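Here is the structure we will look at.
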Amino acid sequence: MDYVVPALGAVVFVPFMSRIAEPARRTFNAIFVAGACGVYLRGGFSVWELIYPLLAAPVAYLGLRSYRFIGLAWLMHAAWDLAHHLWGNPIWPFMRTSSFGCMIFDTLIAIWFLAGAPALTAHGWEAAAKFKKASVP
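The opening position of the sequence shown corresponds to residue 412 in the numbering used here, with each subsequent residue numbered one higher.
Following this line, the structure appears as structure tokens:
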């Protein structure tokens with residue numbers, strides 16, 4: 412169950428997020444992944460925790476212009492999740508597999524972002540078409 416729930420969370424996250432109109436969807440997700448940079452700053456790896464935000468924050472910033480950078484930032488976060496899982500420093504101390512579950516969720520949504528975060532709902536398709544039309548000179 413520790414592994415199924417994060418996958419289900421991603422399955423819910425993607426269609427929900429695809430309903431948000433452009434460009435707000437990309438902007439929100441760039442800010443969201445930037446915020447995820449600070450999740451582990453509670454000292455699991457001591458001063459080494461500062462390395463990940465230093466590397467990931469610029470990638471998240473580039474996500475303001477490109478979904479692929481948002482996807483890359485989520486994959487970087489998934490790698491940090493895996494490191495915490497392997498070294499026994501889970502994101503939730505009361506749940507031993509929480510970092511592994513976070514890695515599953517992050518990886519699955521990263522795939523969607525790397526694919527360009529396509530809209531998966533009728534509303535999303537309409538919004539994406541309007542955004543594309545408006546951005547073409």
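Where is the CB? At the ideal position from N, CA and C, for every residue including glycine. Values in this document were obtained by computation on a predicted structure and should not be read as measured data.
| said: Applying the 10 Å Cβ sphere with the 16-neighbour rule, what's the burial state of S457? | reply: With fewer than 16 other beta carbons inside 10 angstroms of its own, S457 counts as exposed.
| said: Taking the alpha carbon of L550 as the reference point, which residue from G527, I520 and A530 has its own alpha carbon closest? | reply: As displayed, the chain neither begins before 412 nor continues past 548, which places residue 550 out of reach and without an answer.
| Reference L466, options P434, W485 and H495, closest by Cα | W485
| field | Own chain partners of T508 with C-beta closer than 6 Å, once the 5 adjacent residues on each side are dropped | value | D413
| said: What does the Cβ neighbour count give for I515, buried or exposed, with the cut at 16 atoms within 10 Å? | reply: buried
| field | Counted within 10 angstroms of its Cβ, other Cβ atoms place W523 as buried (16 or more) or exposed | value | buried
| message | For V416 and A447, I'd like the C-alpha separation in whole angstroms. | response | Taken atom to atom, the span from the alpha-carbon of V416 to that of A447 is near 19 Å.
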